[in-house]
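Before any comments, here is the structure.
2 protein chains.
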Amino acid sequence: MEEEKQTIRAVERALDVLLCFTAGNDLGLTEISQRVGLHKSTVFRLLATLEHRGFVIRDEATEKYRLGLRVLELSASLRREDDPALLLIGEMERLRDQLGETISLYVRDRKDRVRIQAVQSQQAIRRVAPVGARLPLSVGASSKILLAFAEPEVQDLLLSDPSWPASLSPEAYKEQLREIVQAGYATSFEEREPGAAAISAPIFGRNGKLFAALSVSGPSNRLTPDAMLECAPAIVGAAKRMGALIG
Amino acid sequence: MEEEKQTIRAVERALDVLLCFTAGNDLGLTEISQRVGLHKSTVFRLLATLEHRGFVIRDEATEKYRLGLRVLELSASLRREDDPALLLIGEMERLRDQLGETISLYVRDRKDRVRIQAVQSQQAIRRVAPVGARLPLSVGASSKILLAFAEPEVQDLLLSDPSWPASLSPEAYKEQLREIVQAGYATSFEEREPGAAAISAPIFGRNGKLFAALSVSGPSNRLTPDAMLECAPAIVGAAKRMGALIG
DNA sequence: ACCAATGTTTCGTAGCGTGAAACGGAAAGA
DNA sequence: TCTTTCCGTTTCACGCTACGAAACATTGGT
Numbered sequence: 001m002e003e004e005k006q007t008i009r010a011v012e013r014a015l016d017v018l019l020c021f022t023a024g025n026d027l028g029l030t031e032i033s034q035r036v037g038l039h040k041s042t043v044f045r046l047l048a049t050l051e052h053r054g055f056v057i058r059d060e061a062t063e064k065y066r067l068g069l070r071v072l073e074l075s076a077s078l079r080r081e082d083d084p085a086l087l088l089i090g091e092m093e094r095l096r097d098q099l100g101e102t103i104s105l106y107v108r109d110r111k112d113r114v115r116i117q118a119v120q121s122q123q124a125i126r127r128v129a130p131v132g133a134r135l136p137l138s139v140g141a142s143s144k145i146l147l148a149f150a151e152p153e154v155q156d157l158l159l160s161d162p163s164w165p166a167s168l169s170p171e172a173y174k175e176q177l178r179e180i181v182q183a184g185y186a187t188s189f190e191e192r193e194p195g196a197a198a199i200s201a202p203i204f205g206r207n208g209k210l211f212a213a214l215s216v217s218g219p220s221n222r223l224t225p226d227a228m229l230e231c232a233p234a235i236v237g238a239a240k241r242m243g244a245l246i247g
Numbered sequence: 001m002e003e004e005k006q007t008i009r010a011v012e013r014a015l016d017v018l019l020c021f022t023a024g025n026d027l028g029l030t031e032i033s034q035r036v037g038l039h040k041s042t043v044f045r046l047l048a049t050l051e052h053r054g055f056v057i058r059d060e061a062t063e064k065y066r067l068g069l070r071v072l073e074l075s076a077s078l079r080r081e082d083d084p085a086l087l088l089i090g091e092m093e094r095l096r097d098q099l100g101e102t103i104s105l106y107v108r109d110r111k112d113r114v115r116i117q118a119v120q121s122q123q124a125i126r127r128v129a130p131v132g133a134r135l136p137l138s139v140g141a142s143s144k145i146l147l148a149f150a151e152p153e154v155q156d157l158l159l160s161d162p163s164w165p166a167s168l169s170p171e172a173y174k175e176q177l178r179e180i181v182q183a184g185y186a187t188s189f190e191e192r193e194p195g196a197a198a199i200s201a202p203i204f205g206r207n208g209k210l211f212a213a214l215s216v217s218g219p220s221n222r223l224t225p226d227a228m229l230e231c232a233p234a235i236v237g238a239a240k241r242m243g244a245l246i247g
C-alpha cells in the first residue's frame with residue numbers, strides 16, 4: 001500500500017504553497033497556512049524562501065503574496081522551439097476561423113488533463129480557455145478522448161484510481177469509451193459546465209500513440225448536438241493533419 | 001555581511017534545481033548535481049520530490065529530466081485578466097506593423113530585467129524574443145531605461161551592488177543615464193549581442209512611476225543609428241499611449 | 001570481458017526544520 | 001483613548017529529517 005517514494009517534506013510543502021497561487025488571486029500568510037494546513041511560522045519560512053528565489057513577490061500595497069516572474073522564466077523554458085503546441089497553432093487558427101468557436105489542445109498529465117494551447121473565438125459570446133488550465137479527466141469531451149485512445153494499461157490505472165469518481169462505473173464507462181473509439185470523436189453537452197458544449201478528436205503522433213486531444217468548445221445553444229454532428233468531420237480532419245505535423 | 005533572511009535550505013536547493021532547467025535542454029541527474037554543486041543522492045531526492053508534484057517529468061526515451069506541466073499551470077495564474085502585458089499587446093502589434101521589427105516589453109525584477117511580453121517581427125531576418133527571458137540590467141537599451149527612470153534609491157542600490165560589473169564606473173554611468181532621461185529614450189548598438197541593435201522608451205503608470213521599458217530591436221544593419229534616431233518619436237509616442245492604458 | 005559513467009538505495013549522524021508561544025503593529029470597535 | 005482582534009514576525013528547545021559517504025545496480029562503450 002504505502003511505498004511512498006522518498007521525498008523531502010519541506011520541499012513538498014513549499015511546492016504546495018506555490019500551488020496555492022493557481023487560484024489566481026493574491027494570498028495572505030494566514031490564508032495560505034489554512035489552505036495547506038501548516039503552521040503560520042512554517043509557511044512564513046517557506047514563503048521567505050520562495051521569495052528569496054523570486055518565485056513569489058509581495059504586493060507593495062496589500063502586503064499580500066503573489067507569483068513572481070521566475071515562474072514566467074520557467075514557463076519560457078517549457079515552450080521550446082520544438083514545442084508541438086507552437087507548430088499546431090496555425091492549424092488551430094484555421095479551424096477557429098472555419099467554425100468560429102474556441103479551439104483548445106489538451107494533453108494528459110498524470111491524473112488530469114492540461115490545456116497546453118488555445119486560440120480564442122472572436123465572437124461576443126464565447127468560451128474563454130486560458131492556456132495552462134488543469135481540469136479533471138472524468139468529464140468533458142477531451143477527457144473521453146484522452147482516456148478512450150490511451151494505452152489500455154493507463155486506462156485501467158486511471159479508472160481504478162481512488163480519485164476516479166465512484167459515481168462513474170468503470171465498466172459502463174469503458175463501454176462508452178469503446179463507442180468513442182468507433183466514432184473517432186467525442187462530445188459533451190453541459191457536462192462540466194452548464195451552458196457549455198464541446199467536441200473533441202484525437203491527435204496521434206508518428207509513433208501511432210495518442211499525443212493530444214483537439215477540442216472545439218462554445219455555448220451549448222450554438223454547439224447543439226446537431227451542429228456538433230455536422231462539424232465533426234472537419235475536426236477529425238484537422239486533428240489528422242496536425243498529427244502529420246508533429247514528430 | 002550579516003544576517004541572511006531565515007530560509008529553508010532544502011527548499012532553496014530544490015528551487016535551484018528547478019532553475020537549472022531555464023537553460024532549456026533536458027538534464028541528467030549527474031549534470032544537475034554538478035551544476036548546483038550538491039551530492040548526487042541529494043539531487044536525486046529533490047528531483048523525486050519535484051517530480052511527485054509534477055514540476056519535472058522524465059523523458060521516457062532519454063530518462064532525462066525536464067520541466068513538467070505544473071509550471072505551465074503556474075504561469076497561467078501569472079497571466080491574469082488584469083495583466084498589463086495583455087492590455088498592451090494591441091499597441092505593440094501596431095508598432096510592430098509600423099516599424100517591421102520585434103517589439104519587447106521589459107520590467108525590472110530585482111537585479112535583472114525580464115521580458116514580460118513580445119510581438120515578433122515578420123521579416124525573414126529578425127530578432128527573436130521569447131517571453132520570460134531574464135537578462136542583465138547592465139547592458140542593452142531597455143536596461144538603461146529601467147535604470148535611468150528608476151527611483152534614485154533603487155538606482156543607487158543596483159549600481160553599488162556587487163553584481164554590477166566593475167568595468168562600468170557608477171559615476172560615469174550615472175552621467176549617461178542623466179542624458180537618457182533628458183532624451184526620453186535610449187539606444188544600444190551591438191552592445192549585448194553582436195549584430196543586434198535596439199531602442200527603448202519608458203512606460204509610466206498613472207502613479208507616475210516607471211512601469212516598463214518598451215523596446216524595438218532588430219539587426220544592426222537595419223536599425224542603424226540614423227534609423228533609430230528617425231523612429232524614436234514613434235516609440236516614445238507609443239510608450240506614452242501605453243502608459244495611459246494601464247492602471 | 002572490462003571499464004566508466006549514471007542512476008538508485010541504504011544508513012548513521014548531526015544539523016536543521018518544526019511548531020508552540022510570545023511579540024509587535026495595525027486596523028476595527030466600543 | 002483604551003480595548004479587542006487579527007495578522008505577520010521572531011525566538012527557541014526538541015527530535016525528527018535531510019544529508020552525504022559509500023555501496024549497489026544498470027547501462028553503454030571499447
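Protein sequence lines, in the order shown, are assigned to chains A and B.
As numbered in full-length UniProt numbering, residues 1 to 247 make up the first sequence, in order.
As numbered in full-length UniProt numbering, residues 1 to 247 make up the second sequence, in order.
Using N, Cα and C, we set each Cβ at its ideal position, and we do this for glycine too.
Continuous beta strand (DSSP E) stretch holding residue i: start and end
i	result
A:Pro219	210 to 219
A:Phe189	186 to 189
A:Arg222	A:Arg222 -> no beta strand (DSSP E), and no H or E assigned at all.
Beta-ladder partner(s) of residue i, from DSSP
i	result
B:Asp109	B:Asp112
A:Ala118	A:Ser104
A:Ile57	A:Arg66
A:Pro136	A:Asp112
A:Leu27	A:Tyr65
Neighbour-count burial assignment, residue i, 16 or more Cβ in a 10 Å radius
i	result
B:Ala232	buried
A:Ser104	buried
A:Pro162	exposed
A:Leu146	buried
B:Lys5	exposed
A:Ile32	buried
B:Pro84	buried
B:Glu93	exposed
A:Lys209	exposed
B:Glu2	Its pLDDT being 42, under 50, B:Glu2 is placed unreliably by the model, and the measurement read from it follows with that caveat. With fewer than 16 Cβ atoms within 10 Å of its Cβ, B:Glu2 is classed as exposed.
A:Arg45	buried
B:Leu214	buried
A:Arg127	buried
A:Glu60	exposed
B:Gly68	buried
A:Leu168	exposed
B:Pro225	exposed
Nearest residue (CA-CA) to residue i, options the options
i	options	result
A:Ser142	A:Asp161, A:Gln182, A:Arg192, A:Leu168	A:Arg192
B:Leu18	B:Thr7, B:Lys5, B:Ala48, B:Ser41	B:Ala48
A:Arg53	B:Leu74, B:Ala14, B:Leu67	B:Ala14
A:Ala186	A:Thr102, A:Val71, A:Pro202	A:Pro202
B:Val8	A:Thr22, A:Glu51, A:Ala239, A:Lys209	Sequence check: residue 8 of chain B is Ile here, not Val. Considering only alpha carbons, the answer is A:Glu51.
A:Leu157	A:Val128, A:Ser169, A:Glu190, A:Lys111	A:Lys111
B:Ile217	B:Lys240, B:Phe211, B:Glu190	Checking the sequence shown, residue 217 of chain B turns out to be Ser, not Ile. Comparing Cα-Cα distances from B:Ser217 to each of B:Lys240, B:Phe211, B:Glu190, the minimum goes to B:Glu190.
B:Leu86	B:Ala213, B:Asp97, B:Ile116	B:Ile116
A:Gln98	A:Ala196, A:Lys64, A:Val119	A:Val119
B:Arg113	B:Gln122, B:Gly100, B:Arg134	B:Arg134
A:Gln122	A:Leu95, A:Ser188, A:Asp109, A:Ser200	A:Leu95
A:Phe149	A:Gly132, A:Ala212, A:Val139	A:Ala212
A:Asn207	A:Pro152, A:Pro194, A:Leu177, A:Ala244	A:Ala244
B:Gly132	B:Arg108, B:Val154, B:Pro152	B:Arg108
A:Leu29	A:Tyr65, A:Ala23, A:Phe21	A:Tyr65
A:Gly237	A:Gly184, A:Leu78, A:Gln155, A:Ala198	A:Gly184
Start-to-end residues for the alpha helix (DSSP H) that takes in residue i
i	result
B:Ala196	Segment 196 to 204 is the beta strand (DSSP E) holding B:Ala196; no alpha helix (DSSP H) there.
B:Gly90	89 to 99
B:Ser143	141 to 148
A:Lys174	170 to 183
A:Thr42	40 to 52
A:Gln155	152 to 159
A:Ala14	9 to 20
- Message: So if I threshold CB-CB distances at 8 Å, which residues from the stretch 117 to 139 of chain A count as touching chain B?
- Response: Flagged, chain order: Pro130, Val131, Gly132, Ala133, Arg134.
- Item | Where the stretch 84 to 118 of chain A meets chain B: residues whose CB sits under 8 Å from a CB there | Hits within the stretch, in order: Val107, Asp109, Arg110, Val114, Ile116.
- Task: Output, in sequence order along the chain, the residues in the stretch 47 to 77 of chain A whose CB is closer than 9 Å to any CB in chain B.
- Result: Taking 9 Å as the cut-off between beta carbons, the residues of the stretch 47 to 77 of chain A near chain B are Ala48, Thr49, Leu50, Glu51, His52, Arg53, Gly54, Phe55, Ile57, Arg66, Leu67, Gly68, Leu69, Arg70, Val71, Leu72, Glu73, Leu74, Ser75, Ala76, Ser77, in sequence order.
- Mind checking the stretch 2 to 22 of chain A against chain B and listing, in chain order, the residues whose C-beta falls within less than 7 Å of any C-beta there? Within the stretch 2 to 22 of chain A, the qualifying residues are Lys5, Gln6, Thr7, Ile8, Ala10, Val11, Glu12, Ala14, Leu15, Leu18, Phe21, Thr22.
- Task: Could you list the residues in the stretch 202 to 229 of chain A with a C-beta less than 7 Å from some C-beta on chain B, going in chain order?
- Result: Residues: none.
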